[in-house]
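To start, the structure under review is shown below, and the notes come after it.
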Amino acid sequence: MAVLVILESEAGQIRQASRSAVAAASKHGEIDVLIAGDEAAAQAAAKLPGVRTVLHAPGKEISEGLAEPLASLIVASATAYDHIVSASTAAGKNIMPRVAALLDVQIIPDVVAVVDSDTFVRPIYAGNALATVCSSDAKKVLTIRSTAFEPVPAEGGSAAIVPMPAAPASDASRIVSVTVAQSERPELDTARIVVSGGRGLKGSEAFHDVLEPLADRLGAAVGASRAAVDEGYAPNDLQVGQTGKIVAPELYLAVGISGAIQHLAGMKDSKIIVAINKDAEAPIFQVADYGLVGDLFEVIPQLTAAL
Amino acid sequence: MKILVPVKRVVDFNIKVRVKSDGTGAETAGLKMSMNPFDEIAVEEAVRLKEKGVATEVIAVSIGEPKAQDTLRTAMAMGADRGILITTETSPEPLAVAKLLQVIVGRENPDLIILGKQAIDDDMNATGQMLAGLLGRPQATFASKIEIADGRAEVSREIDGGVETISIALPAIVTADLRLNEPRYASLPNIMKAKKKPLETIDAASLPVDIKPRLTVVSVVEPSERKPGVKVASVAELVEKLRNEAKVI
Ligand SMILES: Cc1cc2nc3c(=O)[nH]c(=O)nc-3n(C[C@H](O)[C@H](O)[C@H](O)COP(=O)(O)OP(=O)(O)OC[C@H]3O[C@@H](n4cnc5c(N)ncnc54)[C@H](O)[C@@H]3O)c2cc1C
């Protein structure tokens, strides 16, 4: 019984979400990992505790992360494994269902608990229900929700690295450009504190001038509701919710966010939730540990100053 | 250029679904049903491509109970030219849906297939990618912009940390994210016109596809409720609670 975990790296480090995937996989037996990327990424993968072998696909093309070559590579490596696992990041969601289809199995996305080697728990209906499902497929292809599994540490192991042959380049799909926002703030999905802003901020100026100073004072990541993203206050990858990022920090501050089902789906597993909203009836207060009814334009600068 | 748009009938996004008391599933009886919001975005995009003269025909396809024809009529009221309904009493998983769609793709040979990125009921986020895998065709998921030129689609995709633009050769599969467009409301005359558009019905059982589920639902439960919180009267009180009670700052 062995598991193949598909890893993602960033600047030579294994992403925390991928380390959570390794933690989830450790319940199924021996762990091998597959990583596309440079030598530093392979070295980082080899240091993960509990990993037996690193399958390393070097080369620029495969490292770009396009779904077609990566899915083919994973499928070519799949024979020896009963479980193929990745984090449910944007990349994992893009690639793993394609892998599952090529293997003729039903993907099991967003796993939050592993019951046994065939049985998994996953949220449905924006997290308003938790379904336990048992798979009859010979191989299981899953993505795991990283907030539900404590990541393995970045160091402690010394796995062997095996190079994987690069798939031949194809023109069917190619990268035109990638724009990644540079931020000094912690990553949204793994931050200890998240400060999120909604439509109540009324503009991108306030998002920058009122909300972000609070986040910086707390050393927090910044998040946003869909409305705030749609209105252009914040970039799309900061959207928290059913169809955005799922976060579960120790402290989540929802500022000028009403608390729609779709937003709650992305943050209601946070340890402590603070809601600041001028409408005492806003649904966000139903999930908040501490609610403060007030005008955010007065409250947030006061709060920033008080910390 | 032909575009195929699969659409799903789901519980309306405004409704908070409850779990059945026997733990076998979600209670959907009597709830308002609508087209999956991401599929509306997919239909809108296809119709816009037709209005721009890029596409010549938009075909909507749905898989589900006979009632899913309402969803197809909505798609046609938005501007789809015709509909195909594959009827089944079960609720097929994404793999099975992708296999059924593969049959339709074989018949219709669309140049582009646009799907919603995820259905808001099972939240699987899988059908488009699975269909692309089965067809061996390129995929561009989570699209926030699509441009068609020279037999290729240039698609901006929402990824972790930013946006990526890729170019894929047609025929291809694209899945729609929220920021791709804002779907129109169908006008009354268009709703009337849609009633006369062709709608073909196919029994899933008549197709050479095994749609038996691979996953058995063992149980469906409500997530644990959060402990009720308190309202604080001032910023000072909030800071005090966060420091000394919750100990998170
Ligand atoms: C398919 C689909 C997927 C979706 N996915 C997501 C998702 O992933 N994430 C998500 O967030 N949403 C999602 N949504 C959207 C969701 O339904 C809501 O529309 C959205 O979350 C609302 O954002 P908001 O709370 O910022 O805005 P609003 O609902 O407009 O709330 C603004 C709040 O600000 C408060 N406010 C205004 N002024 C002030 C002030 N001066 N001081 C204090 N408070 C103030 C108001 O009282 C109000 O409660 C999705 C919707 C659909 C249909």
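First to last, the protein sequences are chains A and B.
Using our numbering, you'd call the opening residue of the first sequence number 113 and step up by one each time.
Using our numbering, you'd call the opening residue of the second sequence number 8 and step up by one each time.
For every residue, glycine included, the Cβ atom is placed at its ideal position computed from N, Cα and C.
Legend entry - Nearest to I143 of chain A (by Cα), restricted to the options A:A418, A:D249, A:Q294 and A:A157: On the first sequence, residue 143 of chain A is found 31 positions in, with the first residue counted as 1. Comparing Cα-Cα distances from I143 of chain A to each of A:A418, A:D249, A:Q294 and A:A157, the minimum goes to A:A157.
Inset, instruction - Using the Cα positions of V197 of chain A and A137 of chain A, report the straight-line distance between them to the nearest angstrom. - result: In the first sequence, residue 197 of chain A corresponds to position 85, counting from 1. In the first sequence, residue 137 of chain A corresponds to position 25, counting from 1. Rounded to whole angstroms, V197 of chain A to A137 of chain A spans 7 Å at the Cα level.
Inset, instruction - May I ask you to check if the CB of T355 of chain A is nearer than 6 Å to at least one heavy atom of ligand 1? - result: In the first sequence, the residue the question calls residue 355 of chain A occupies position 243. T355 of chain A: yes, Cβ under 6 Å from ligand 1.
Legend entry - Near ligand 1: H320 of chain A beta-carbon under 6 Å from a heavy atom: The count along the first sequence starts at 1 and reaches residue 320 of chain A at position 208. False, no ligand heavy atom lies under 6 Å from that Cβ.
Legend entry - Segments assigned beta strand (DSSP E), at least 3 residues, entirely inside the region 74-154 of chain B: 89-94 and 119-123
Inset, instruction - Consider the Cβ of D167 of chain B: report whether some Cβ of chain A lies at a distance smaller than 7 Å. - result: Numbered from 1 along the second sequence, position 160 holds the residue referred to as residue 167 of chain B. Yes, D167 of chain B counts as interfacial toward chain A.
Legend entry - Per-residue DSSP class, three states only, for L404 of chain A: The count along the first sequence starts at 1 and reaches residue 404 of chain A at position 292. Three-state result, L404 of chain A: strand.
Legend entry - For L222 of chain B and P221 of chain A, the rounded distance between their alpha carbons: Locating residue 221 of chain A in the first sequence gives position 109, where the first residue counts as 1. Locating residue 222 of chain B in the second sequence gives position 215, where the first residue counts as 1. Roughly 12 Å separates the two Cα atoms.
Legend entry - Cβ-based neighbour list, G32 of chain B, same chain, cut-off 7 Å, excluding 5 preceding and 5 following: Start at 1 with the first residue of the second sequence, and residue 32 of chain B comes out as number 25. So the qualifying residues of the chain are V224 and V227.
Legend entry - Outcome for D167 of chain B when other beta-carbon atoms lying within 10 angstroms are tallied against a minimum of 16: As a working note, residue 167 of chain B is residue 160 in the second sequence. For D167 of chain B, the number of other beta carbons within 10 angstroms of its own is at least 16, and it is reported as buried.
Inset, instruction - Anything in the region 34-47 of chain B with a Cβ closer than 7 Å to a Cβ of chain A? List those residues in chain order, please. - result: none
Inset, instruction - List the residues of chain A that P13 of chain B touches, going by C-beta distances under 8 Å, in chain order. - result: Taking the first residue of the second sequence as 1, we reach residue 13 of chain B at position 6. Within 8 Å Cβ-Cβ: nothing; P13 of chain B doesn't reach chain A, min ~14 Å.
Inset, instruction - Give the residues of chain A in contact with L245 of chain B, contact being defined as C-beta atoms less than 8 Å apart. - result: Start at 1 with the first residue of the second sequence, and residue 245 of chain B comes out as number 238. Within 8 Å Cβ-Cβ: V386, Y402, L404 and L415.
Inset, instruction - Mind checking the region 388-399 of chain A against chain B and listing, in chain order, the residues whose C-beta falls within less than 9 Å of any C-beta there? - result: Going along the region 388-399 of chain A in chain order, one finds I388, A392, F397, Q398 and V399 with a Cβ nearer than 9 Å to chain B.
Inset, instruction - Using beta-carbon positions only, say whether A133 of chain B and D184 of chain B come within less than 7 Å of one another. - result: For this step, residue 133 of chain B is matched to residue 126 along the second sequence. For this step, residue 184 of chain B is matched to residue 177 along the second sequence. No, the Cβ-Cβ distance between A133 of chain B and D184 of chain B is not below 7 Å.
Inset, instruction - Pull out every residue of the region 117-129 of chain B whose Cβ sits closer than 9 Å to any Cβ of chain A, in chain order. - result: Result list: K124, Q125, I127, D128 and D129.
Inset, instruction - Scan the region 314-335 of chain A for residues whose Cβ lies nearer than 7 Å to a Cβ of chain B and list them as they occur along the chain. - result: L330
Inset, instruction - Compute every distance between the C-beta of A372 of chain A and the non-hydrogen atoms of ligand 1, then say whether any falls below 6 Å. - result: Residue mapping note: residue 372 of chain A aligns to position 260 of the first sequence, counting from 1. It does: the Cβ of A372 of chain A is within 6 Å (strictly closer) of some heavy atom of ligand 1.
Inset, instruction - Check whether the Cβ atoms of S308 of chain A and A360 of chain A lie closer than 7 Å to each other. - result: By 1-based counting over the first sequence, the position of residue 308 of chain A is 196. By 1-based counting over the first sequence, the position of residue 360 of chain A is 248. No; because the gap between Cβ atoms is not below 7 Å, this pair is not in contact.
Inset, instruction - Could you round the C-beta distance between V110 of chain B and S69 of chain B to whole angstroms and report it? I think they count as a contact, below 8 Å. - result: By 1-based counting over the second sequence, the position of residue 110 of chain B is 103. By 1-based counting over the second sequence, the position of residue 69 of chain B is 62. Actually they do not touch by this definition, with Cβ atoms about 14 Å apart.
Inset, instruction - Report yes if the C-beta of K390 of chain A is less than 6 Å from at least one heavy atom of ligand 1; otherwise report no. - result: Numbered from 1 along the first sequence, position 278 holds the residue referred to as residue 390 of chain A. K390 of chain A Cβ: within cutoff of ligand 1.
Inset, instruction - Could you pull out every unbroken alpha helix (DSSP H) segment of at least 4 residues lying fully inside the region 178-225 of chain B, listed in chain order? - result: Segments of the alpha helix (DSSP H) lying fully in the region 178-225 of chain B: 195-201.
Legend entry - Short Cβ contact (7 Å threshold) for A169 of chain A with M276 of chain A: As a first step, residue 169 of chain A is located in the first sequence; it is residue number 57 there, counting from the start. As a first step, residue 276 of chain A is located in the first sequence; it is residue number 164 there, counting from the start. Yes, the Cβ-Cβ distance between A169 of chain A and M276 of chain A is below 7 Å.
Legend entry - Residues from the region 337-351 of chain A in contact with chain B, defined by Cβ distance under 9 Å: R338, V341, D342, P347, N348, D349 and Q351
Inset, instruction - State buried or exposed for Y192 of chain B, treating a residue as buried only when at least 16 other CB atoms are found within 10 Å of its CB. - result: The sequence position of residue 192 of chain B within the second sequence is 185, counting from 1. With fewer than 16 other Cβ atoms within 10 Å, it is exposed.
Legend entry - Alpha-carbon to alpha-carbon, A129 of chain A and A203 of chain A: In the first sequence, residue 203 of chain A corresponds to position 91, counting from 1. In the first sequence, residue 129 of chain A corresponds to position 17, counting from 1. Going by the C-alpha atoms only, they are around 11 Å apart.
Inset, instruction - Answer yes or no: the CB of P44 of chain B versus the heavy atoms of ligand 1, is any distance below 6 Å? - result: The residue given as residue 44 of chain B occupies position 37 in the second sequence. At least one heavy atom of ligand 1 is nearer than 6 Å to the Cβ of P44 of chain B, so yes.
Legend entry - Residues near S189 of chain A by beta carbon distance below 8 Å, same chain, minus five either side: On the first sequence, residue 189 of chain A is found 77 positions in, with the first residue counted as 1. Cβ neighbours of S189 of chain A beyond the five flanking positions: L116, L146, L167 and M276.
Inset, instruction - Report all residues from its chain with a CB closer than 6 Å to the CB of P44 of chain B; omit the five preceding and five following residues, and keep chain order. - result: Here the question's residue 44 of chain B lines up with position 37 in the second sequence. For P44 of chain B, where only same-chain residues beyond five positions count, the Cβ hits under 6 Å are F20.
Inset, instruction - Compare the C-beta of N251 of chain B against all C-beta atoms of chain E and say whether one is closer than 7 Å. - result: Among the protein chains in the structure shown, which are A and B, there is no chain E.
Inset, instruction - Measure from the alpha carbon of R286 of chain A to the alpha carbon of each residue in B:N197, B:M85 and B:A160, then state which is nearest. - result: For the purposes of this step, residue 286 of chain A is taken as the residue at position 174 of the first sequence. Here the closest residue by C-alpha is B:A160.
Legend entry - Segment limits, beta strand (DSSP E) that includes P209 of chain A: The residue labelled residue 209 of chain A in the question sits at position 97 within the first sequence. Not the beta strand (DSSP E): P209 of chain A falls in the alpha helix (DSSP H), residues A202 to L214.
Inset, instruction - Please determine, among A:P235, A:R338, A:V226 and A:K252, the residue with the shortest C-alpha to C-alpha distance to A192 of chain A. - result: What you label residue 192 of chain A is simply residue 80 of the first sequence in a count that begins at 1. The shortest C-alpha separation from A192 of chain A is found at A:K252.
Legend entry - beta strand (DSSP E) runs contained entirely in the region 273-348 of chain A, provided each spans 3 or more residues: 285-292, 305-309 and 333-336
Inset, instruction - Please list, in chain order, all residues of the same chain as S184 of chain A whose beta carbon is under 8 Å from its beta carbon, the five residues on each side excluded. - result: Along the first sequence, one-based indexing puts residue 184 of chain A at 72. The residues are L214 and A279.
Legend entry - F20 of chain B CB to nearest heavy atom of ligand 1 below 6 Å: Locating residue 20 of chain B in the second sequence gives position 13, where the first residue counts as 1. Under cutoff, so the answer is yes.
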